[in-house]
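*Asks:*
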Amino acid sequence: MRGISISEYSNPDQLRVSELDTPKREPKTLLVETIAAGVNFIDTYQRQGLPGYQKPLPLILGLEGSGRVIQSDPDSSFSVGDVIAWPFHPESYAEVVAIPESKAITVPEGVDPKVAAAVMLQGLTAHYLVNSTFEIKPNSKALVHAGSGGVGRLLIQMIKNAGGVVIATASTEQKRERLGALGCDYAIPYEQFHKTVREITDNAGVDVVYDGVGNDTYMQSLASLRKRGLLALFGASSGAVPPMDLQILNSMGSLFLTRPTLADYIATREEYEKRASDIFRDISEKRLIVEIGGEYPFENASQAHIDLQSRKTSGKLLLVP
Ligand code: NDP
Numbered sequence: 088m089r090g091i092s093i094s095e096y097s098n099p100d101q102l103r104v105s106e107l108d109t110p111k112r113e114p115k116t117l118l119v120e121t122i123a124a125g126v127n128f129i130d131t132y133q134r135q136g137l138p139g140y141q142k143p144l145p146l147i148l149g150l151e152g153s154g155r156v157i158q159s160d161p162d163s164s165f166s167v168g169d170v171i172a173w174p175f176h177p178e179s180y181a182e183v184v185a186i187p188e189s190k191a192i193t194v195p196e197g198v199d200p201k202v203a204a205a206v207m208l209q210g211l212t213a214h215y216l217v218n219s220t221f222e223i224k225p226n227s228k229a230l231v232h233a234g235s236g237g238v239g240r241l242l243i244q245m246i247k248n249a250g251g252v253v254i255a256t257a258s259t260e261q262k263r264e265r266l267g268a269l270g271c272d273y274a275i276p277y278e279q280f281h282k283t284v285r286e287i288t289d290n291a292g293v294d295v296v297y298d299g300v301g302n303d304t305y306m307q308s309l310a311s312l313r314k315r316g317l318l319a320l321f322g323a324s325s326g327a328v329p330p331m332d333l334q335i336l337n338s339m340g341s342l343f344l345t346r347p348t349l350a351d352y353i354a355t356r357e358e359y360e361k362r363a364s365d366i367f368r369d370i371s372e373k374r375l376i377v378e379i380g381g382e383y384p385f386e387n388a389s390q391a392h393i394d395l396q397s398r399k400t401s402g403k404l405l406l407v408p
């Protein structure tokens with residue numbers, strides 16, 4: 088089978104398709120023919136071997152996807168032919184993947200399997216941020232960074248569906264213009280965004296900032312919060328936030344700061360299924376529009392990584408075998 092494996096931490100242009108051994112199926116595991124694998128920022132961290140993201144080499148990249156079951160246990164609740172999706176399973180940039188049943192979720196009819204692949208990591212992340220890390224209620228005011236990105240677009244829609252008010256940053260006029268269609272109330276540039284947020288909120292600040300950009304934004308994000316507001320720092324697209332003096336949380340208005348990760352918010356099967364079924368329902372009912380920003384054949388995986396890191400993209404990038 089074909090897959091994308093790295094034998095050393097590398098630049099994107101070293102990503103190559105190669106012939107790999109088909110994975111062996113263990114009990115309680117499904118062998119799945121991949122329909123699409125999602126491309127995520129974390130894949131670029133793993134490819135580069137950034138601190139905290141190093142895995143034993145050689146490594147098949149990819150952490151999510153969807154596909155059709157080609158082998159399962161005779162007593163499994165999944166059957167050959169079922170379409171499933173999965174988040175957080177390594178080696179997903181491959182034609183055939185072995186997925187533990189505990190990580191598999193059935194893709195309902197009415198949801199395109201490629202769209203299902205697109206929302207596993209990013210959709211579940213947006214869901215826990217908006218429903219659990221800081222629960223958006225009617226009129227909650229939120230600032231979302233990288234609003235036209237994969238997680239950003241979903242965050243905006245989920246906040247609006249919950250009745251909140253959204254201010255979102257995006258780097259270009261073209262990206263900002265497109266956010267209105269998602270219901271975004273204010274699309275703003277990054278430059279001095281804390282001042283813009285103060286102007287929009289009559290100097291009060293927002294209740295929550297969802298910040299996946301990290302190093303370039305976190306200080307202004309803190310400065311955009313109302314008293315006792317929460318910074319949910321969930322990513323580091325511009326680089327990791329350096330060690331900081333927690334006293335600033337006191338002086339900036341008794342602020343809260345959290346650094347959440349998806350695995351802790353889908354730690355039980357019940358929680359995982361609830362989040363996934365909410366997302367699939369909203370997709371079927373067209374309350375959640377998932378934009379596929381690009382479909383790349385495996386041979387062009389390097390271009391997908393280059394595009395994601397170069398900030399050219401909008402929406403979700405997929406690799407297709
Ligand atoms: P995006 O599609 O949002 O792509 C990243 C975007 O970040 C870019 O398009 C760009 O948008 C913006 N950006 C701002 N500054 C920079 C910079 N210096 N370099 C590159 N991009 C920059 O990616 P994802 O939706 O896949 O992921 C968003 C974040 O969420 C990532 O940091 C990722 O690691 C994190 N994440 C965290 C999870 C968790 O549970 N904690 C789970 C899943 C993802 P623009 O040009 O408009 O600003």
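Take the sequence shown: its letters are residues 88 to 408, numbered as in my numbering.
Cβ coordinates follow ideal geometry from the N, Cα and C atoms, glycine included.
Smallest Cα separation from L377: which of V198, F280, S389 and A391?
*Replies:* Per the sequence presented here, residue 377 reads as Val, with Leu not at that position. Answer by Cα proximity: V198.
*Asks:* Is N218 a contact residue of the ligand NDP, with contact defined as CB to any heavy atom under 6 Å?
*Replies:* Because no heavy atom of the ligand NDP lies under 6 Å away, the Cβ of N218 does not count as near it: no.
*Asks:* Quick one, which of T345, I91 and R398 has its alpha-carbon nearest S219's?
*Replies:* For S219, the nearest C-alpha among the options comes from T345.
*Asks:* Is the beta carbon of G267 within less than 6 Å of some heavy atom of the ligand NDP?
*Replies:* Checking the Cβ of G267 against the ligand NDP gives no.
*Asks:* So, A204 versus S159, is the Cβ gap smaller than 7 Å?
*Replies:* Their beta carbons are not under 7 Å apart, which means A204 does not touch S159 by this criterion.
*Asks:* Can you tell which of G139, G149 and P138 has the C-alpha that lies nearest to the C-alpha of I93?
*Replies:* Ranking the options by Cα distance to I93, first place goes to G149.
*Asks:* So S92 is in the beta strand (DSSP E); what residue range does that whole segment cover?
*Replies:* Here the beta strand (DSSP E) through S92 covers R89 to I93.
*Asks:* On the DSSP bridge assignment, give the partners of Y297 in chain order.
*Replies:* Bridge partners of Y297: V231 and A319.
*Asks:* Closer than 6 Å: is that where the CB of A257 sits relative to any heavy atom of the ligand NDP?
*Replies:* A257 Cβ: within cutoff of the ligand NDP.
*Asks:* How would you write the range of the alpha helix (DSSP H) that I223 sits in, first residue to last?
*Replies:* It is not in any alpha helix (DSSP H) - I223 carries neither H nor E in the DSSP assignment.
*Asks:* From the DSSP output, in three-state form, read off T121 for me.
*Replies:* It is a strand residue.
*Asks:* Report the CB separation of I192 from A172 in whole angstroms; it is logged as a contact under 8 Å.
*Replies:* The Cβ separation is near 6 Å, so the contact holds.
*Asks:* Express the C-alpha separation of S258 and G402 in angstroms, rounding to a whole number.
*Replies:* Each residue's alpha carbon lies about 14 Å from the other.
*Asks:* Report the three-state DSSP secondary structure of V184 (helix, strand or coil).
*Replies:* Three-state result, V184: strand.
*Asks:* Looking at the secondary structure, which residues open and close the beta strand (DSSP E) in which A172 lies?
*Replies:* Its beta strand (DSSP E) spans residues V170 to W173.
*Asks:* For F343, report the span of its alpha helix (DSSP H) as first-last.
*Replies:* Segment F343 to T345 is the beta strand (DSSP E) holding F343; no alpha helix (DSSP H) there.
*Asks:* So V119 and V167 are supposed to be a Cβ contact under 8 Å. How far apart are they, rounded?
*Replies:* Between V167 and V119 the Cβ distance is about 10 Å, and since that is not below 8 Å, they are no contact.
*Asks:* Mind checking who Q158 pairs with in its DSSP beta bridge?
*Replies:* L118, per the DSSP bridge assignment.
*Asks:* Specify, as a first and last residue, the run of the alpha helix (DSSP H) that Y383 falls within.
*Replies:* Where Y383 is concerned, there is no enclosing alpha helix (DSSP H), although the beta strand (DSSP E) it sits in stretches over I379 to P384.
*Asks:* Going by DSSP, what residues sit across from Y273 in a beta bridge?
*Replies:* Paired residues: I254.
*Asks:* Check whether the Cβ of K262 lies closer than 6 Å to any heavy atom of the ligand NDP, and answer yes or no.
*Replies:* Flag set: Cβ of K262 near the ligand NDP.
*Asks:* According to DSSP, is I376 helix, strand or coil?
*Replies:* In this structure, I376 counts as coil in the three-state DSSP scheme.
*Asks:* When DSSP builds the beta bridges, which residues end up paired with I192?
*Replies:* DSSP output for I192 lists A172 as bridge partner(s).
*Asks:* What whole-angstrom Cβ distance do Y180 and L406 have, given they're in contact under 8 Å?
*Replies:* Confirmed, Cβ separation roughly 6 Å.
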